[in-house]
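Worksheet: the structure to be examined is printed underneath.
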Amino acid sequence: MTDPSPEFRVAREDLHRFMQAALGAAGADQASAEAVTRALVTASRMGTDSHGLRLLPHYLQALKGGRINGSPNMRFQQRLAATGFLDADDGLGHLAGYTAMEHAMEMAAEVGMGAVAVGNSSHFGAAGCYALAAAERGYLGMAFCNSDPFVLLHDGAKPFHGTNPIAFAAPVAGEAPYLLDMATSSVPWNRVQQYGAIGRELPDQVAADATGQVSRIPSEVAALLPLGGSAFGFKGAGLGGMVEILSSMLSGMQHGFKLLPMGGPDMATPRGVGHFFLAMNPDAFVDEGTFARGLAEYLADLRVQPAAEGAEVLAPGDREWRCQSKRDTEGIPLDAANQLAYAEIAKQYPIAPLTQLC
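Residue numbers (full-length UniProt numbering): 1 to 358.
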């Protein structure tokens, strides 16, 4: 390709087409390719670039190496009226996530709530995608996942927990859902890689070097700090442990400290990642309409609260929905590193390259 453009943007439909073709060419079956594409495009539309289109080259590499099963036979076992286990058969975590949440919602429709533990899975991108899938159908949704160690314990010198995300979404009548999607580290590991690729310095109190000392230089970073930084990181470390228990112990998987590194070099051995999903029918707790009215009143009161000078009070999800609206109109941006990566993918498989919007 020619030199990367500082204003390279693509239509979401073109990005969707490209991802589906690349994943299929790399060995993913249709259901897997559709799930990955759905999750990555959703994340990129909302501005979560670290968990969006940037991850496609990694998944292609894992499929090619054999770490991920592109045509899994995922098996669901319902244990009780509201609980179940999904064996993901070493498939793509995105298909496991959407499949597990579907089962959780089916149970919630019957008995008010449903919880599914997932084992033998892989990286699933942005946890918010699966909580959002529940909210879009009228349920409260939660999603959790463990990962290999990137994050220090509070006052620790070596990584122990993964970024272990927590996602929660709730339906809002007549509006986009309430959506919280957060790592239990101060930032996700992909943010370090993203900042390094564009030569940007990290914020303070989010990452550390190999000695456990705070560093803002991406190339020096060996670990992330738990949410709360060096002073209050016991909060993030505790939340990370909670996610670990839900994701690995309930699924019978090994905890994140023992997982193979996501980035390799071993791209042949399955990692055995665990997830946990919860769906709740709000009308199973209170009379129909009570929850919707209460949430609408809460959000209305929240959004009119006074803000600091030059700032604005937002509810979780507000920034993402604004970004989504903008990117649906103007296109989804690719930075220089991703432009080069996608051009290489187009040549490797081969598939028609992305088209830059004028």
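From the three backbone atoms N, C-alpha and C, an ideal C-beta is built for every residue, glycine too.
- Selection Leu-40, Ser-32, Ile-166, Leu-23 evaluated against Arg-12 yields Leu-40 as nearest (Cα-Cα).
- Judged by their CB atoms, Val-192 and Pro-218 are nearer to each other than the 8 Å cut-off.
- Between the alpha carbons of Asp-335 and Asp-3 lies a gap of roughly 12 Å.
- Nearest Cα to Ala-169 within the set Gly-128, Met-182, Ala-352, Arg-9: Gly-128.
- Ala-197 and Gln-254 have their alpha carbons spaced roughly 32 Å apart.
- The DSSP assignment places 113–121 as complete runs of the beta strand (DSSP E) inside the stretch 96–138, in order along the chain (cut-off: 3 residues).
- With distances taken between CA atoms, Tyr-130 lies nearest to Ala-279 out of Ala-279, Glu-106, Asn-190, Ser-122.
- By the Cβ neighbour-count rule, Asp-87 is buried, with 16 or more other Cβ atoms within 10 Å of its own.
- Arg-9 is bridged by DSSP to Pro-333.
- In this structure Asp-181 is in contact with Ala-126, their Cβ atoms being roughly 6 Å apart against a cut-off of 8 Å.
- In the displayed model, Met-280 falls within a strand according to three-state DSSP.
- In this structure, the alpha-carbon of Phe-291 lies about 15 Å from that of Met-113.
- Counting of Cβ neighbours within 10 angstroms places Glu-34 among the buried residues, the total reaching 16 or more.
- Of all C-beta pairs linking the stretch 135–147 to the stretch 207–218, fewer than three are shorter than 8 Å, placing the two stretches out of contact.
- The beta-carbon distance between Ser-122 and Ile-68, rounded to whole angstroms, is 5 Å. This is short enough to meet the 8 Å contact definition.
- Arg-79 carries a strand assignment under DSSP once its states are collapsed to helix, strand and coil.
- When the beta-carbon positions are compared, Phe-76 and Ala-117 stay at least 8 Å from each other.
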